[in-house]
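Beneath this line is the structure, given in structure tokens, with notes to follow.
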Ligand code: AP5
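In the working numbering, the protein residues as written are -7 to 230.
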């Protein structure tokens, strides 16, 4: 992976070098955290750390942890903090996180946020986190969730209503049949939204109060949202 240092030209023509550091993408189910994480990853060569993806890999692998997690995920509830914090701690030990990473779907409770803040404060040289919250209305979220399909091989994300593949239900990149997440039904989405409002919305307020926080309108085309998210990151780090 290339070294993730971004060059930015200032208004007076100087070029400054910015290290992305830890970036939190916050927002309700379906706002586009995963889609945007992949855009940033491609542009800046820093990894996406999605706790949802790590949990789904454990489910697919049949691990004991995965079996317990699947029951909660299929109900739209959260997996216990200790378990998720441990997963994130292990992932942050990987060398590809040295210059920055995107946390997608974490932290999701105030307990996880406090754990993360403490964990990073204890790491010498770590930049403080910056948080970008993506906003999308309820009706659009429902369409995004119920229409989402993804490629089990290359992980590309599609939407049968909003971003359909060129050939029905097949990945554009490798032709693999697309799959649908078991928690992407309308019923589970409603529960995920209730969980979001009660447990995760306070996390957004936590980072808003700390500063180094920005919000972007997620109801624009993917490229426009990506440009807004990256501009917010550069502003917060610059
Ligand atoms: P997780 O996988 O994190 O799900 P989520 O937060 O509900 O978010 P989603 O992945 O559903 O949506 P997204 O915002 O990434 O949107 P996407 O880019 O895919 O978590 C799943 C479960 O795991 C949780 O319910 C919980 O049980 C457990 N879990 C995970 N993390 C946990 C944690 N920290 N603690 C405890 N438990 C945890 O986009 C959605 C759709 O919209 C796609 O079809 C896409 O193509 C489309 N789309 C995206 N952007 C646009 C756009 N700009 N225009 C049009 N369409 C768009």
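Don't be surprised by glycine CBs; every beta carbon is placed ideally from N, CA and C.
If you're wondering where the values come from, they're calculated on a predicted model, not measured in any experiment.
Ligand 1 heavy atom lying under 7 Å from the CB of residue i
i: residue 76; result: yes
i: residue 150; result: yes
i: residue 144; result: no
i: residue 155; result: yes
i: residue 65; result: yes
i: residue 115; result: no
i: residue 254; result: The requested residue 254 is not part of the displayed model; the chain covers only -7 to 230.
i: residue 212; result: yes
i: residue 217; result: yes
i: residue 21; result: yes
i: residue 25; result: yes
i: residue 96; result: yes
i: residue 104; result: yes
i: residue 69; result: yes
i: residue 194; result: no
i: residue 172; result: no
i: residue 136; result: yes
i: residue 99; result: yes
i: residue 43; result: yes
i: residue 186; result: no
Beta carbon of residue i nearer than 8 Å to that of residue j
i: residue 140; j: residue 96; result: no
i: residue 80; j: residue 41; result: yes
i: residue 178; j: residue 134; result: yes
i: residue 168; j: residue 194; result: no
i: residue 46; j: residue 222; result: no
i: residue 68; j: residue 187; result: yes
i: residue 234; j: residue 11; result: Within the shown structure, residues of the chain are numbered from -7 to 230, placing residue 234 beyond reach of any answer.
i: residue 101; j: residue 73; result: yes
i: residue 75; j: residue 64; result: no
Local conformation of residue i per DSSP, three classes
i: residue 115; result: coil
i: residue 124; result: strand
i: residue 171; result: strand
i: residue 209; result: strand
i: residue 139; result: helix
i: residue 246; result: There is simply no residue 246 to check, as the chain begins at -7 and stops at 230 in what is shown.
i: residue 145; result: coil
i: residue 158; result: coil
i: residue 152; result: coil
i: residue 41; result: strand
i: residue 100; result: coil
i: residue 110; result: helix
i: residue -6; result: Confidence at residue -6 is low in this model, with a pLDDT of 46, below 50, so the placement of that residue should be treated as unreliable; the coordinate-derived value is given next. It is coil, neither helix nor strand.
i: residue 7; result: strand
Residues of its chain near residue i, where Cβ-Cβ distance is below 6 Å and the 5 sequence neighbours each way are ignored
i: residue 108; result: 99
i: residue 210; result: 23, 24, 126, 127, 128 and 217
i: residue 123; result: 16, 18, 199 and 205
i: residue -7; result: Because residue -7 sits at a pLDDT of 42, beneath the cut-off of 50, its placement in the model cannot be relied upon, and the following sentence gives the value as read from the coordinates. Excluding positions up to five away in sequence, the list reads 37 and 88.
i: residue 103; result: 73
i: residue 164; result: 157 and 158
Neighbour flag for residue i against chain C, beta carbons, 8 Å
i: residue 161; result: Chain labels in this structure do not include chain C; a single protein chain is all it has.
Alpha-carbon to alpha-carbon, residue j and residue i
i: residue 203; j: residue 229; result: 12 Å
i: residue 30; j: residue 77; result: 22 Å
i: residue 50; j: residue 154; result: 29 Å
i: residue 111; j: residue 149; result: 31 Å
i: residue 181; j: residue 20; result: 10 Å
i: residue 158; j: residue 166; result: 12 Å
i: residue 52; j: residue 173; result: 12 Å
i: residue 227; j: residue 55; result: 41 Å
Nonlocal neighbours in the same chain, by C-beta distance under 8 Å from residue i, ignoring five residues either side
i: residue 162; result: 168, 169 and 170
i: residue 85; result: none
Sequence-distant residues of the same chain with beta carbon closer than 7 Å to residue i, five excluded per side
i: residue 27; result: 149 and 214
i: residue 62; result: 51
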